[in-house]
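Engineer: When you number the sequence shown by this note's numbering, it's gap-free, plus one each residue, and the end is 786.
No residue lacks a Cβ here, since even glycine has one placed at the ideal position from N, Cα and C.
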Amino acid sequence: MTRSDDLFQQAKVHIPGGVNSPVRAFKAVGGTPRFISRAEGPYLFDEDGKRYIDYVLSWGPMLLGHAHPAVVEAVTEQVKKGLSFGAPTEIETRMADRLCELVPGMDMVRMVNSGTEATMSAIRLARGATGRDKIVKFEGCYHGHSDSLLIKAGSGALTFGTPSSPGVPAALAEHTLTLTYNDIDGVKAAFEQFGDQIACVIVEPVAGNMNCVPPIPGFLEALRQCCDNSGSVLIIDEVMTGFRLGAAGAQGHYGVTADLTCLGKVIGGGMPVAAFGGKREIMEQLAPLGPVYQAGTLSGNPAAMAAGLAMLDALSQPGFYDTPFARTDALVAGLRQRADAAGIAMTSNHVGTMFGVFFTDAEQVTNYQQVMACDTERFNRFFHGMLEGGVYLAPASYEAGFLSAAHSEADIEETLAVAERVFATL
Ligand code: PMP
């Protein structure tokens, strides 16, 4: 019995499933989750002393690698002055200034504590600003666990959805229309029928919660156009893509600008930080300026802002992204080459520092149905082989992988050598 086995048993006594977020329990892949004792650079170390090259990076935030000295020092200095005041601080203004400088179309921003809060609040604001109730989202995109978003597609293409979790009122599902990602005609049809009732469209500009699925050319542009034509708010959820595809996020990468943008993960450098912001006239609807209510005891927490600012300073250095982008290219190309050589049917998607591999005969994967048609059982064996070999991938076939600026060429080579051995067993 490993120490992780023992700790998992102990955890299950007082924590549902032994974890504070479901995917950590390894339910999709089976086996015991590794309990982590510490992390440094691109490595995780588990409670049994084993080292892993980490491609999960706390589900995205650790773009600089773990325990980056600049971030740790900024937090340490800040906490000496007190942990939370519940009153305004200068560092919150500096963070807001920085975000508005970097993120396309962001005139004003409100800090929150999780991506869930960011998207939930952005949707309330869009509903408040438009006076409409209906929202559009896409199958396979995840925007956190608020009620309006835990809705799966209805039975017909243009029927409103049903709750995807018990506890979500069916009455709320009636307001959420779930469409197929990358289906431009589907979006146009929905707007033709319901355009004047749609408060907002929320989208992951590169979907990272159904493995890694980039937008096809014209998809984000079509959303922008439909929202413009019908007076709906376009919410681009960059909780995952923000500062992962470059300093201007997916919006900079694809040249499509949101009305409201949600951020999280990287902007907190590993602390519980998220944000939503965008056009001034919409953000001015928010309390205390306007009537749309939103609040938070720990929002804009000074230690968290210190971590975020240190992170933003590091990633806005010229050339910061060159190496991690090149290493992501090299990793994905290397995996494909080795899968080919082993006769394993596999394809991949990657953008910036996000990547995903798919065990499928299909040449391209562009939507949720195609992701779900992949060979999950083969992925699970791949996952466990890699884990055994010291490479930590997301413990589910429908999650994107991430690189950090701390992953070295040697780390990529080591990962590929392990993958070559594992492919031979699949
Ligand atoms: N939006 C996106 C695109 C996400 O990937 C996530 C989390 N994976 C969320 C929102 C929710 O963020 P959080 O887990 O911080 O609530």
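Ignoring anything shorter than 3 residues or poking outside the stretch 623-682, list the beta strand (DSSP E) runs there in chain order.
Structural biologist: 634-638
Engineer: Output yes or no for whether 8 Å exceeds the beta carbon distance between Phe498 and Leu459.
Structural biologist: Residue 498 sits at position 138 when you count from the first residue of the sequence shown. Residue 459 sits at position 99 when you count from the first residue of the sequence shown. It is not a contact, given that the beta carbons lie outside the stated cut-off.
Engineer: Quick one, are the C-beta atoms of Val573 and Tyr614 less than 8 Å apart?
Structural biologist: On the sequence shown, position 213 is the one that residue 573 refers to. On the sequence shown, position 254 is the one that residue 614 refers to. No, the Cβ-Cβ distance between Val573 and Tyr614 is not below 8 Å.
Engineer: So, under 8 Å CB-CB, Met471 and Gly650 are touching, yes? Tell me the CB distance rounded to an integer number of Å.
Structural biologist: To locate residue 471, count along the sequence shown from 1; it is residue 111. To locate residue 650, count along the sequence shown from 1; it is residue 290. Not really, about 17 Å apart at Cβ, beyond 8 Å.
Engineer: Please return the same chain residues whose Cβ sits closer than 8 Å to the Cβ of Asn569, not counting the five positions on each side in sequence.
Structural biologist: The sequence position of residue 569 within the sequence shown is 209, counting from 1. So the list reads Gly500, Cys501, Tyr502, Met600, Tyr758, Glu759, Ala760, once near-sequence residues are dropped.
Engineer: Helix or strand or just coil, what does DSSP make of Arg458?
Structural biologist: If you number the sequence shown from 1, residue 458 lands on position 98. Helix at Arg458.
Engineer: Starting from the Cα of Thr536, find the closest Cα among Asp543, Ile562, Gly694 and give me that residue.
Structural biologist: Looking up residue 536 in the sequence shown gives position 176. Closest option to Thr536, Cα to Cα, is Ile562.
Engineer: Going by alpha carbons, who is nearest to Thr453 out of Pro662, Glu564, Gly527, Ile495?
Structural biologist: Position 93 of the sequence shown, counted from the first residue, corresponds to residue 453. Nearest option by C-alpha distance: Pro662.
Engineer: Going by DSSP in three states, Val711 sits in which element: helix, strand or coil?
Structural biologist: Locating residue 711 in the sequence shown gives position 351, where the first residue counts as 1. If DSSP states are grouped into helix, strand and coil, Val711 belongs with the strands.
Engineer: Kindly examine ligand 1 and report whether one of its heavy atoms sits closer than 7 Å to the Cβ of Asn709.
Structural biologist: Numbered from 1 along the sequence shown, position 349 holds the residue referred to as residue 709. No, the Cβ of Asn709 stays beyond 7 Å of every heavy atom of ligand 1.
Engineer: Compute the beta-carbon to beta-carbon distance between Gly475 and Cys622, rounded to the nearest angstrom, for a pair I have assumed lies under 8 Å.
Structural biologist: If you number the sequence shown from 1, residue 475 lands on position 115. If you number the sequence shown from 1, residue 622 lands on position 262. At roughly 7 Å, the Cβ-Cβ gap stays under 8 Å, so Gly475 and Cys622 are in contact.
Engineer: Assuming contact is defined by CB atoms lying nearer than 8 Å, are Glu400 and Ala430 in contact in what I supplied?
Structural biologist: Counting from one through the sequence shown, the residue named residue 400 turns up at place 40. Counting from one through the sequence shown, the residue named residue 430 turns up at place 70. Result no, Cβ atoms of Glu400 and Ala430 do not sit closer than 8 Å.
Engineer: Mapping DSSP to helix, strand and coil, what is Ile495?
Structural biologist: In the sequence shown, residue 495 corresponds to position 135, counting from 1. It is a strand residue.
Engineer: Which residues share a DSSP beta bridge with Pro523?
Structural biologist: Residue 523 sits at position 163 when you count from the first residue of the sequence shown. Looking at the DSSP assignment, Pro523 forms a beta bridge with Ile511.
Engineer: Less than 8 Å between the CB atoms is what I'm expecting for Leu424 and Ser764, so what's the real figure, rounded?
Structural biologist: Within the sequence shown, numbered from 1, the residue matching residue 424 stands at position 64. Within the sequence shown, numbered from 1, the residue matching residue 764 stands at position 404. Confirmed, about 6 Å.
Engineer: Quick check on this structure: which residue in Glu552, Ser592, Val717 has the alpha carbon closest to the alpha carbon of Ile704?
Structural biologist: The count along the sequence shown starts at 1 and reaches residue 704 at position 344. Ranking the options by Cα distance to Ile704, first place goes to Val717.
Engineer: If you pair each beta-carbon of the stretch 688-704 with each one of the stretch 662-675, do three or more pairs fall below 8 Å?
Structural biologist: no
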